[in-house]
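K.L.:
Chains as they are written, first to last, in this note's numbering: chain A, 648 to 1409; chain B, -1 to 158. Cβ atoms here follow ideal geometry from the backbone N, Cα and C, with glycine treated the same way. This structure is a prediction, so every number in the text was calculated from the model and none was measured.
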Amino acid sequence: MNNETRTNYKWVGKRTRRPDGVDKVTGRARYGDDMIVPGMLHAKILRSPHAHAKILSIDTSKAEALTGVKAVITSAAIPDHPLSEPPYPPIINDLHDISRNVMAREKVLYDGHAVAAVAATSEAIARQAVKLIEVDYEVLPHVLDPLVAAGPDAPVLHDHQYTFGVEPEPEKPSNVFRVISGARGDIGKGFAEADVIVEREFTSEPVHQGYIEPLACIATASEDGAIEMWTTTQGHFVIRMLCARLLKMDMAMIRVTASEIGGGFGGKNTVYGEPVAIRLSQMTGRPVRMVMTRSEVFRASGPTMGSHTHIRMGAKKDGTITAAEASVHYQAGAFKGSPIGRAVETFFSSYTIPNIKVDSYDVCVNRPKVAAYRAPGAPMACFAAEGAINELAQRLGMDAIDLRLKNAVSDGDESLMGTKYGRIGLIDVLETLKKHDHYSAPLGPNQGRGVALGYWMHGGGLSSVTCILQDDGTLSVATGNPDIGGSRSSMRAMAAEELGIDIELIKPIVADTGSLPYSHLTAGSRTTYATGMAVVYATREVIDKLCALAAKKWEIAVEDISWEAGQAVPAPSAGDGIKALSLKELAGMATKMGGPIAGHSEINAGGAGAAFSAQMVDVEVDPETGFVSPKRYTVVQDVGRAISPDYVEGQIQGGAVQGIGWALNEEYIYDENARLLNTGFLDYRMPVASDVPMIDAVLVEVPNPNHPYGVRGVGEPPLVPAPAAVTNAVENAVGTTMSALPLSPPKVLQAIEAVAAAGGDD
Amino acid sequence: MKKHLITATVNGDEVDFTCTAEQTLLDVLRGELQMTGTKNGCGTGDCGACTVIYNGRPVNACLVLGVEVAGAEVETVEGMAKGGDMHPLQQKFLDHAALQCGVCTPGILNMAKAFLEKNPDPTETEVRFGLAGNLCRCTGYDKIVRAVLDAAAEMRASGS
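(1) Which of the three DSSP states, helix, strand or coil, is assigned to C890(A)?
(2) Name the residues in the segment 1172 to 1184 of chain A whose C-beta lies less than 8 Å from a C-beta of chain B; which are they?
(3) Would you verify that the beta carbon of G668(A) is, or is not, closer than 7 Å to some beta carbon of chain B?
(4) Could you name the residues of the same chain whose beta carbon sits closer than 7 Å to that of D148(B), not counting the 5 residues immediately before and after it, in chain order?
(5) Pick from I4(B), Q21(B) and M78(B): whose alpha carbon is nearest that of G674(A)?
(6) Which runs of the alpha helix (DSSP H) at least 4 residues long sit entirely within the segment 42 to 117 of chain B? Give them in chain order.
(7) Who are the Cβ neighbours of G39(B) in its own chain at under 6 Å, not counting the five residues just before and after it?
(8) Which partner residues of A973(A) appear in the DSSP bridge assignment?
(9) Is G1246(A) helix, strand or coil by DSSP?
(10) Run down chain D in chain order and give the residues with a C-beta less than 7 Å from the C-beta of T940(A).
(11) Given a cut-off of 7 Å on the beta-carbon distance, is the pair V1266(A) and A1125(A) in contact?
(12) Going by Cα to Cα distance, which pick from I1316(A), V1112(A) and G1127(A) is closest to Y1184(A)?
(13) Can you tell me the Cα-Cα spacing of K671(A) and R1014(A), whole angstroms?
(14) Please confirm whether S752(A) and P1292(A) have their CB atoms less than 7 Å apart.
(15) Rounded C-beta distance between L703(A) and D758(A)? I'm assuming under 8 Å.
(16) Which value, in whole angstroms, describes the spacing of the CA atoms of P737(A) and N822(A)?
(17) Could you tell me if I987(A) is buried or exposed, where buried requires 16 or more neighbouring beta carbons within 10 angstroms of its beta carbon?
(18) Does the beta carbon of T34(B) come closer than 7 Å to any beta carbon on chain A?
(19) Within this structure, are the beta carbons of T18(B) and V50(B) separated by less than 7 Å?
(20) Would you say the segment 910 to 929 of chain A touches the segment 883 to 897 of chain A, given that touching needs at least three Cβ pairs under 8 Å?
(21) Say whether the segment 1093 to 1101 of chain A touches the segment 1125 to 1143 of chain A, bearing in mind that this needs 3 or more beta-carbon pairs closer than 8 Å, one atom from each stretch.
(22) Please specify which runs of the beta strand (DSSP E), each continuous and at least 3 residues long, are wholly inside the segment 1220 to 1272 of chain A, giving them in chain order.
(23) For Q32(B), count the other beta carbons within 10 Å of its own beta carbon; 16 or more makes it buried, fewer makes it exposed. Which is it?
(24) With DSSP as the reference, identify every bridge partner of L3(B), one or two as the case may be.
(25) Going by beta-carbon coordinates alone, are C136(B) and G1301(A) separated by less than 7 Å?
(26) Please report the distance separating the alpha-carbon of S869(A) from that of A6(B).
(27) Is any non-hydrogen atom of the ligand ATP found closer than 6 Å to the C-beta of T1383(A), if you look at the structure I gave you?
(28) Quick one: list the residues of chain A neighbouring Y52(B), beta-carbon separation under 7 Å, in chain order.
(29) Give the list of continuous alpha helix (DSSP H) stretches no shorter than 4 residues that lie fully inside the segment 724 to 780 of chain A.
(30) How far does the beta strand (DSSP E) with F824(A) in it extend, from its first residue to its last?
(31) Closer than 6 Å by C-beta to P1001(A): which residues in its own chain qualify, once you throw out the five before and the five after it? Chain order, please.
(32) Whole angstroms is fine: what's the gap from I828(A)'s alpha carbon to G1171(A)'s?
(33) In the DSSP output, what is K701(A) paired with across the bridge?
(34) Identify each residue in the segment 1311 to 1337 of chain A for which the Cβ-Cβ distance to at least one residue of chain B is less than 7 Å, and report them in chain order.
(35) Does D1409(A) pass the burial test, meaning 16 or more other C-beta atoms within 10 Å, or should it be called exposed?
(36) Taking the C-alpha atoms as reference points, what is the distance between Y735(A) and E1313(A)?
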């Protein structure tokens, strides 16, 4: 019952004020740290000053003796999860690792690693108490670089970790957790057929998601075993699952409510302070508030990984790409689990290359454990692949868009990891970019133009929704997904479209974990797709029940009733004199004629649609300082169907600007002892309003046939090609290749001077 | 630590609170007065999320001490709408979808309000530099800048 190719919608695709908007412009919306619970204590965490050290002993006695301190804990207060326990599910939620990331046990593995925690009657006392905890460390050698860490002489973080996925089985422990490879065709033959071969090394640095709201939660434990948790998260059901498993508690006894979330971008997908706050609350019998400072957010919550890529690509004179090969090392941070599979998936998946080989290495280093960040694993892969393709275009003397068009995948093609493309809009996207007036606009002095193309496969997954019809004809829509970028607006539009009622009669909310079945994270651009699908199914159940009610009232068969524009309409064959009943009339009858009406949907959505984002950017480079200023930015993206165009554009504009930061400024800077130096927004410089131009978001709508309204997912793709596009523009302005992010002024200046020394700008 | 009794005017109301010498205006607003509309993004004056108007000037509330506001006038996001009527900036932020997560929004609204009082007819570039102390990670600033320009035009037209 999909009607994704329709275009005459009343609410879908319209620009309406968001349902959570007024609360957010008046200061009423409540985020993680905006909850005040009577009697609450304030918690603080002691963090390691060392990048790698054995914990020999911890003495908490002085902290415990301080007036106002109610509890002090170390890892001893958190159940151990030994290696023998099978991970559940494998890798991503490995309790052995997560319990040690939440609170270090045998060793500290990065600057900022949690070592102990205090709950006290005020934040000031908690801060003071943390300083009184004495830890005796044996400092060990550290390693930060993924290539060095993967080598034979590097200090090893985990003595139990033997590289998985290589032959023969290794005899020594290694920082390389596993290797994932993908291949098709005959790579040797492919390069033999090539007229031009590009071979490059690319590096990128870890960047933080940079959400403006720090991590914050409040836990309230009761003596009867029940836990109430308020937290800022992209998935409160995941927080509940991890807390229950880590602390060996019953799932139904933990009720987690998601606060409004002040940005996440993947960084709020897992637990940090939550299990610690629960334990402190259990020990004190009081609610415990745990809020990270910005410095703690940088030091101890996951950024995305840095990367090192060696890449080769070959093409014939006519532009046919014949072979592509990449070897990529991703920094997992202190514990395994960087998304190297996504690297293999996304590396060359925009192109029909017959011969491909990709090897990817997941490498542990003495940095905070990486977390997801918008299309995790894809932007770094795209940075290398699109960089190589741009050089191919230049060496072949071909237009950058034409080269991509010549090799673009289309409906029915398959990605390297086996994603079979259904209906996709890649060619539409590239052709739209080529027709855009940006394409032929003149460039000024010291300016350059760059192009790049990004891909994200998208996902569906578990979503649960309840639609409650009130007896006055209004509708409550409860989903289990925190609203991170305007999803309530989209849920409301789809429910209104199905029911045929005004959007203002519908109130979408985010329900707690006790009120709905499991719903997976708001992540991977899955929410409007999967949860939106569940909203559609749940409203259809409401409609079925209303039609059944009308059938009962009219004493005709339900098959003789249809739902049209918000009313139950009898078939002409049902006889004269039966007047259609509106949703409001039926809602008023329901309680007297059977009972309240609600619709439910609990689904595991498959069939998410792959999406492509093509970007063009003009930059101006200051020849004296190397400072790069983006002047014009165009994004063309296949969005399937824009349910709420304002928020689709917002996702694209925000993604592109995050990519500008990634390309030009953002990085983790460590001193020689592997202590993080830039732990604040002053030195970790994200783009501000004066750094960027308007971002022209051009929406191409090729509806996904697997969704009732054609949704594909929107939030991930716009970040994927952005660092590559900006880099390409800088290369074009400076006149040389650039391969190491970020393109900070000293690096760009060095490139300008090298070009000048080599004899000019030809 | 010794607490000081402070009297100030917040959103037109006289308020009394106590605070220690080390507590900031941000601590006072959020903790002592339970006005959580002013957000804490960094606590070091780098993100602008806690921007409030202090004696007519926009400041980061995390960089002003609670004891400093004795006798001062402070305006926060909670006081921006008057009697149920939202400020033109609030209206335009909704119309232009100039927010996503919304956590930077209270600070940006206050900064924009103070900026437009000084420069009621700004260019796009002037708006961008006027808001350069306020980080937004979601929107890429495009819709925020448009909303501020549109609010400025409406405020000029209505003489407000």
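P.N.:
Here's the rundown:
(1) To locate residue 890(A), count along the first sequence from 1; it is residue 243. Here C890(A) sits in helix by DSSP.
(2) Listed in sequence order: no entries.
(3) Reading the first sequence from its first residue, position 21 is the one you call residue 668(A). Yes, contact with chain B.
(4) In the second sequence, counting from the first residue as 1, residue 148(B) sits at position 150. Excluding sequence neighbours, D148(B) sits near K90 and H94.
(5) For this step, residue 674(A) is matched to residue 27 along the first sequence. Closest option to G674(A), judged by alpha-carbon separation, among I4(B), Q21(B) and M78(B): M78(B).
(6) Inside the segment 42 to 117 of chain B, DSSP marks whole alpha helix (DSSP H) runs of 4 or more residues at positions 86 to 93 and 103 to 116, from first to last along the chain.
(7) For the purposes of this step, residue 39(B) is taken as residue 41 along the second sequence, with counting starting at 1. The residues are C45 and A47.
(8) In the first sequence, residue 973(A) corresponds to position 326, counting from 1. According to DSSP, A973(A) bridges with I958(A) and V1005(A).
(9) What you label residue 1246(A) is simply residue 599 of the first sequence in a count that begins at 1. G1246(A): strand per DSSP, three-state reduction.
(10) The question asks about chain D, but that chain is absent: this structure's protein chains are A and B.
(11) As a working mapping, residue 1266(A) is identified with position 619 in the first sequence. As a working mapping, residue 1125(A) is identified with position 478 in the first sequence. Contact flag unset, no.
(12) Residue mapping note: residue 1184(A) aligns to position 537 of the first sequence, counting from 1. Looking at the Cα atoms, V1112(A) is the closest of the given residues.
(13) Walking along the first sequence from the start, residue 671(A) turns up at place 24. Walking along the first sequence from the start, residue 1014(A) turns up at place 367. Straight-line Cα distance between these residues: approximately 35 Å.
(14) Against the first sequence, residue 752(A) aligns to sequence position 105. Against the first sequence, residue 1292(A) aligns to sequence position 645. Residue 752(A) is actually Arg in this sequence, not Ser. Not in contact: R752(A) and P1292(A) (Cβ atoms no closer than 7 Å).
(15) Sequence index remark: in the first sequence, residue 703(A) carries index 56 (1-based). Sequence index remark: in the first sequence, residue 758(A) carries index 111 (1-based). The C-beta separation of L703(A) from D758(A) comes to about 18 Å, leaving the pair out of contact by the 8 Å criterion.
(16) Numbered from its first residue, the first sequence carries residue 737(A) at position 90. Numbered from its first residue, the first sequence carries residue 822(A) at position 175. Reliability fails at P737(A), whose pLDDT of 49 lies under 50, so the model's placement of it is uncertain and the value that follows must be treated cautiously. Answer to the nearest angstrom: the Cα atoms are 18 Å apart.
(17) In the first sequence, the residue the question calls residue 987(A) occupies position 340. Classification for I987(A): buried.
(18) For the purposes of this step, residue 34(B) is taken as the residue at position 36 of the second sequence. Yes, its Cβ sits closer than 7 Å to a Cβ of chain A.
(19) On the second sequence, residue 18(B) is found 20 positions in, with the first residue counted as 1. On the second sequence, residue 50(B) is found 52 positions in, with the first residue counted as 1. Not in contact: T18(B) and V50(B) (Cβ atoms no closer than 7 Å).
(20) yes
(21) no
(22) You should have 1244 to 1252 and 1258 to 1268.
(23) Locating residue 32(B) in the second sequence gives position 34, counting from the first residue. Q32(B) should be labelled exposed.
(24) On the second sequence, residue 3(B) is found 5 positions in, with the first residue counted as 1. Answer is T16(B).
(25) The sequence position of residue 136(B) within the second sequence is 138, counting from 1. The sequence position of residue 1301(A) within the first sequence is 654, counting from 1. Contact: yes.
(26) Here residue 869(A) is taken as the residue at index 222 of the first sequence, counted from 1. Here residue 6(B) is taken as the residue at index 8 of the second sequence, counted from 1. Looking at the two C-alpha atoms, the distance is approximately 39 Å.
(27) Within the structure as shown, the ligand ATP is missing, as the structure has no ligands at all.
(28) Mapped onto the second sequence, residue 52(B) falls at position 54. Going along chain A, no residue has its Cβ under 7 Å from Y52(B), so there is no contact; the nearest lies around 16 Å.
(29) 742 to 749 and 770 to 778
(30) Start at 1 with the first residue of the first sequence, and residue 824(A) comes out as number 177. V823 to R831 is the span of the beta strand (DSSP E), which, as asked, contains F824(A).
(31) What you label residue 1001(A) is simply residue 354 of the first sequence in a count that begins at 1. Around P1001(A): G832.
(32) In the first sequence, counting from the first residue as 1, residue 828(A) sits at position 181. In the first sequence, counting from the first residue as 1, residue 1171(A) sits at position 524. First, the amino acid is wrong: residue 828(A) is Ser here, not Ile. Distance between the alpha carbons of S828(A) and G1171(A) is about 23 Å.
(33) Start at 1 with the first residue of the first sequence, and residue 701(A) comes out as number 54. K754(A) and E785(A).
(34) G1327, F1328, L1329, M1333, V1335, A1336 and S1337
(35) Taking the first residue of the first sequence as position 1, residue 1409(A) is located at position 762. The pLDDT assigned to D1409(A) is 49, lower than 50, so where the model puts this residue is not dependable, and the model offers no usable value.
(36) Start at 1 with the first residue of the first sequence, and residue 735(A) comes out as number 88. Start at 1 with the first residue of the first sequence, and residue 1313(A) comes out as number 666. No answer about Y735(A) holds up, because its pLDDT of 48 lies below 50 and its placement is not dependable.
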